[in-house]
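Student: One structure, as structure tokens, below. Some questions next.
Chains as they are written, first to last, in the numbering used here: chain A, 416 to 657; chain B, 25 to 455.
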């Protein structure tokens, strides 16, 4: 009986340590994916079952834990559109309309499988707690639970490479554990400045059979920005940062 | 043997072609920033109007029309953007050209929508001088607090509009904590014979401003305009995401010395002075199956009552009968002129509802958005219904088909419009 109590007591003492380790693991994955503040270019490609493709190119800037903005560079029909995310607040600026309108994380400004939360992603550790971690052969399987109900996906299952602490695959699930989409991380590339990460992200969804969206990264580099860059009045001026 | 080799080569070509298609590349050198930019769109928009020959607005605007029950109109439009950016300075010009073939023949008009020069001495400070839009307000269909903008068309709120000549400044400051951002936008707006002459009383230098706050995750704007071209006015708006799929917004405009031109049954125009308060409340809701609902209630404090509109319609009927008897159209021309233009705005009366339901990419058809829009005049219970199909079949090409049906009893706003329906197609190519 004493042994049982001791084991229980030790595991009780150690559980916060494990939780901290698990959170650290997730934070490490975040940092390996990109610096806390950076600029990057992304090409988004929506691929339909018949092979038809549509491409978008975005310039993205991020600062700290909760600020990210993206500017559409092409195609011409989208050029000048900008999106801003401050924590859970999201806006879309369309040059013709001329003023930022609030959008929601579950909408998609590009159509296809990626939604706004995917395009304006914050650090995973900002939005999710690590519920548990399974130790697989070459990977950790992290079970992530959204910190608030305003996060786009209630649960994530993340398969992360043990050696590189980078995700290989993420399943996005609803509260009822229904699979919404799967994100695959591919083609690890050295971007310079110590940034070594997957350069291609693919996603598909059982809700959209046969459809696929691809995100290709380029020009990721560490860059510091003033907070004023991540404000509504600046949204129409993101081009000046390029 | 030769045919086998040929087959192998063909197969190899096919396979390599397929794999090349699957291999996506991203060359940064192709997206380098250029100082000069030229872009915009070209549009073709044929419209078929189904006329309501008994309506009062038909009698006002089309009384001498010798066409049948429908008339067709062909619109060609070019919106051109030119911009130049170098260092802290930027110049932008936007022009809009409309070429229309209607029952009255061809017409052509080019309008300078925007032409301004910007200086950004720092990321926090931004100065603009020239013709531009200020874009105040959070409403989708209406913006009662857009004191320095032209009225949007609620039937097509996303259309580009012409600006006014202003001198404006944006000062932005960010903070940590619940108050995340403050921005201040003072505006000077001259109204003289050749500058902004259609805005209001001339020979006045108007001063306005907006203060924006992102406070407790809520966008809040306070704005005002004074200077004499129009009665001084004050406004506030807000917008907030309640959840990841639910947004609410609102606007409130207060005009203490508002002056409304009212025409009585004798045809004389008087000015009614009172304190006008207008407000708008709305939400945007996205369902799990990607259906978006936009709903807005608009109380237009500057609008006309049912009786005031009825008087206007009565005068049209009188003027029309006079025209039929004598051939004199002077009364009709007067009623169609500037003195009564407030009776013919996009929201001439006092209470409206706006509802738009759009479904993103149903049946997995990418870039296809069917939608349905209704605008309801709550005062006279008339309304419009507008189903619409929007599709981008290839990159940069947007196709839209829309039919707008106007319904209402005699004497109501939508019942007395000159059309019973409007069927339109729009093809727009961006470059």
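Note that CB positions come from ideal geometry on N, CA and C, so glycine has one too.
Note that the structure is predicted; figures quoted are calculated from it, not measured.
#1: Would you mind sorting residue 629 (chain A) into buried or exposed? The rule is 16 or more other CB atoms within 10 Å of its CB.
#2: Between residue 50 (chain B) and chain A, is there a C-beta pair that is closer than 8 Å?
#3: Verify the CB distance criterion: does residue 469 (chain A) have a CB-CB separation below 8 Å to chain B?
#4: Would residue 570 (chain A) pass as an interface residue toward chain B - the criterion being a Cβ-Cβ separation below 8 Å?
#5: Between residue 217 (chain B) and the rest of its own chain, which residues show a CB-CB distance below 7 Å, the 5 nearest in sequence each way excluded?
#6: What whole-angstrom Cβ distance do residue 467 (chain B) and residue 314 (chain B) have, given they're in contact under 8 Å?
#7: Within the segment 504 to 585 of chain A, note down every full alpha helix (DSSP H) run reaching 4 residues or more, in order along the chain.
#8: CA-CA distance, residue 162 (chain B) and residue 506 (chain A)?
#9: Below 8 Å on the Cβ atoms is my contact criterion, and I expect residue 420 (chain B) with residue 592 (chain A) to pass it. Report the Cβ-Cβ distance as a whole number of Å.
#10: What are the residues in the segment 215 to 234 of chain B lying within 9 Å of chain A by C-beta distance?
#11: If you draw a straight line from the C-alpha of residue 375 (chain B) to the C-alpha of residue 201 (chain B), how long is it?
#12: Taking the alpha carbon of residue 222 (chain B) as the reference point, which residue from B:172, B:423, B:307 has its own alpha carbon closest?
#13: Are the CB atoms of residue 408 (chain B) and residue 390 (chain B) within a distance shorter than 8 Å?
#14: Kindly list the residues whose CB is nearer than 6 Å to the CB of residue 81 (chain B), restricted to its own chain and excluding five residues on each side of it in sequence; keep chain order.
#15: Name the chain A residues that come within less than 9 Å of residue 275 (chain B), Cβ to Cβ?
#16: On the three-state DSSP scale, how would you describe residue 334 (chain B)?
#17: Does the CB of residue 137 (chain B) have a neighbour CB from chain A at under 8 Å?
#18: Nearest chain A C-beta to residue 175 (chain B) closer than 8 Å, yes or no?
#19: With respect to the beta strand (DSSP E) encompassing residue 80 (chain B), which residues constitute its N-terminal and C-terminal limits?
#20: CA-CA distance, residue 92 (chain B) and residue 399 (chain B)?
#21: For residue 496 (chain A) and chain B, any beta-carbon pair shorter than 8 Å?
#22: Mind checking whether residue 262 (chain B) and residue 243 (chain B) have CB atoms under 8 Å apart?
#23: Quick one: what's got a C-beta closer than 7 Å to residue 417 (chain B)'s C-beta in the same chain, skipping five residues either side?
#24: So the candidates are A:618, A:596, A:486; which of them puts its Cα closest to the Cα of residue 653 (chain A)?
#25: For residue 8 (chain B), count neighbouring C-beta atoms within 10 Å of its own C-beta (all shown protein chains included) and say buried if the count is 16 or more, exposed if not.
#26: Identify, in the order they occur along the chain, each residue of the same chain with its Cβ nearer than 6 Å to the Cβ of residue 307 (chain B), setting aside the five sequence neighbours on each side.
#27: Comparing C-alpha positions only, which one of A:465, A:587, A:632, A:572 sits nearest to residue 604 (chain A)?
#28: Considering only heavy atoms of the ligand NAD, does any lie closer than 7 Å to the CB of residue 121 (chain B)?
#29: Would you say residue 635 (chain A) faces chain B, with C-beta separation under 8 Å as the test?
#30: Please tell me whether residue 454 (chain A) and residue 462 (chain A) are closer than 8 Å, where the distance is taken between their beta carbons.
#31: Using 8 Å as the Cβ pair cut-off and three pairs as the minimum, do the segment 112 to 127 of chain B and the segment 136 to 146 of chain B touch?
#32: When burial is assigned at 16 or more other CB atoms within 10 Å of the CB, is residue 62 (chain B) buried or exposed?
#33: Determine the direct distance from the alpha carbon of residue 499 (chain A) to that of residue 464 (chain A), and round the result to whole angstroms.
#34: Quick check on residue 582 (chain A) - is its C-beta less than 8 Å from some C-beta in chain B?
#35: State the start and end residues of the unbroken beta strand (DSSP E) segment that holds residue 355 (chain B).
#36: Name the residue from A:459, A:536, A:530, A:520 whose alpha carbon lies nearest to the alpha carbon of residue 481 (chain A).
Tutor: According to the structure data:
#1: Here residue 629 (chain A) corresponds to residue number 214 of the first chain, with the count starting at 1. Buried: at least 16 other Cβ atoms inside 10 Å.
#2: Within the second chain, residue 50 (chain B) is the residue found at index 26, counting from 1. Look at residue 50 (chain B): its C-beta is under 8 Å from a C-beta on chain A.
#3: For the purposes of this step, residue 469 (chain A) is identified with residue 54 of the first chain, where counting begins at 1. By this cut-off, residue 469 (chain A) is an interface position.
#4: Here residue 570 (chain A) corresponds to residue number 155 of the first chain, with the count starting at 1. With a threshold of 8 Å between beta carbons, residue 570 (chain A) makes no contact with chain B.
#5: The residue given as residue 217 (chain B) occupies position 193 in the second chain. Taken in chain order, the residues that qualify are 226.
#6: With chain B covering 25 to 455 only, the question about residue 467 (chain B) has no answer from this structure.
#7: Runs of alpha helix (DSSP H) with 4 or more residues, each lying fully within the segment 504 to 585 of chain A, are found at 531 to 534, 539 to 542, listed in chain order.
#8: Here residue 162 (chain B) corresponds to residue number 138 of the second chain, with the count starting at 1. Here residue 506 (chain A) corresponds to residue number 91 of the first chain, with the count starting at 1. The alpha-carbon atoms of residue 162 (chain B) and residue 506 (chain A) are separated by roughly 12 Å.
#9: Residue 420 (chain B) sits at position 396 when you count from the first residue of the second chain. Residue 592 (chain A) sits at position 177 when you count from the first residue of the first chain. Residue 420 (chain B) to residue 592 (chain A), Cβ: 40 Å. No contact.
#10: Listed by position, the residues of the segment 215 to 234 of chain B near chain A (Cβ gap below 9 Å) amount to none.
#11: As a first step, residue 375 (chain B) is located in the second chain; it is residue number 351 there, counting from the start. As a first step, residue 201 (chain B) is located in the second chain; it is residue number 177 there, counting from the start. Each residue's alpha carbon lies about 39 Å from the other.
#12: Along the second chain, read from residue 1 onward, the residue named residue 222 (chain B) stands at position 198. Closest option to residue 222 (chain B), Cα to Cα, is B:172.
#13: Taking the second chain and counting its residues from 1, the one referred to as residue 390 (chain B) is at position 366. Taking the second chain and counting its residues from 1, the one referred to as residue 408 (chain B) is at position 384. No, the pair does not count as a contact, with Cβ atoms beyond the cut-off.
#14: In the second chain, the residue the question calls residue 81 (chain B) occupies position 57. So the qualifying residues of the chain are 440, 441, 442.
#15: As a working note, residue 275 (chain B) is residue 251 in the second chain. Going along chain A, no residue has its Cβ under 9 Å from residue 275 (chain B), so there is no contact; the nearest lies around 12 Å.
#16: The sequence position of residue 334 (chain B) within the second chain is 310, counting from 1. Three-state DSSP puts residue 334 (chain B) in a helix.
#17: By 1-based counting over the second chain, the position of residue 137 (chain B) is 113. Under the Cβ criterion of 8 Å, residue 137 (chain B) is not counted among the residues facing chain A.
#18: Looking up residue 175 (chain B) in the second chain gives position 151. No, because no Cβ of chain A sits closer than 8 Å to the Cβ of residue 175 (chain B).
#19: One-based indexing of the second chain puts residue 80 (chain B) at position 56. That residue, residue 80 (chain B), is in no beta strand (DSSP E); its alpha helix (DSSP H) goes 80 to 85.
#20: Looking up residue 92 (chain B) in the second chain gives position 68. Looking up residue 399 (chain B) in the second chain gives position 375. The C-alpha of residue 399 (chain B) is placed about 28 Å away from the C-alpha of residue 92 (chain B).
#21: In the first chain, residue 496 (chain A) corresponds to position 81, counting from 1. No, residue 496 (chain A) lies away from the interface with chain B (no Cβ there is under 8 Å from its Cβ).
#22: For this step, residue 262 (chain B) is matched to residue 238 along the second chain. For this step, residue 243 (chain B) is matched to residue 219 along the second chain. Contact: yes.
#23: What you label residue 417 (chain B) is simply residue 393 of the second chain in a count that begins at 1. Within the same chain, Cβ atoms closer than 7 Å to the Cβ of residue 417 (chain B) are found at 423, the five residues on either side in sequence being excluded.
#24: Indexing the first chain from 1 puts residue 653 (chain A) at position 238. Selection A:618, A:596, A:486 evaluated against residue 653 (chain A) yields A:486 as nearest (Cα-Cα).
#25: The question about residue 8 (chain B) has no answer here: the residues shown for chain B are numbered 25 through 455.
#26: As a first step, residue 307 (chain B) must be located in the second chain, where it is residue number 283. Result list for residue 307 (chain B): 272, 319, in chain order.
#27: As a first step, residue 604 (chain A) is located in the first chain; it is residue number 189 there, counting from the start. Out of A:465, A:587, A:632, A:572, A:632 has the C-alpha closest to the C-alpha of residue 604 (chain A).
#28: With respect to the ligand NAD, the structure shown offers nothing to examine, as it has no ligands at all.
#29: Reading the first chain from its first residue, position 220 is the one you call residue 635 (chain A). Nearest CB-CB separation between residue 635 (chain A) and chain B: not below the 8 Å threshold.
#30: Counted from its first residue, the first chain places residue 454 (chain A) at position 39. Counted from its first residue, the first chain places residue 462 (chain A) at position 47. No. Outside cutoff.
#31: The segment 112 to 127 of chain B, when compared against the segment 136 to 146 of chain B, does touch it at the 8 Å Cβ threshold.
#32: Within the second chain, numbered from 1, the residue matching residue 62 (chain B) stands at position 38. With a threshold of 16 other beta carbon atoms within 10 Å, residue 62 (chain B) falls short and is exposed.
#33: Within the first chain, the letter at position 49 stands for residue 464 (chain A). Within the first chain, the letter at position 84 stands for residue 499 (chain A). The alpha-carbon of residue 464 (chain A) is positioned some 31 Å away from that of residue 499 (chain A).
#34: On the first chain, residue 582 (chain A) is found 167 positions in, with the first residue counted as 1. No, residue 582 (chain A) does not count as interfacial toward chain B.
#35: As a position in the second chain, residue 355 (chain B) is number 331, starting the count at 1. From DSSP, residue 355 (chain B) is part of no beta strand (DSSP E) but of the alpha helix (DSSP H) over 354 to 359.
#36: Within the first chain, numbered from 1, the residue matching residue 481 (chain A) stands at position 66. Checked all of A:459, A:536, A:530, A:520; the closest Cα to residue 481 (chain A) is A:536.
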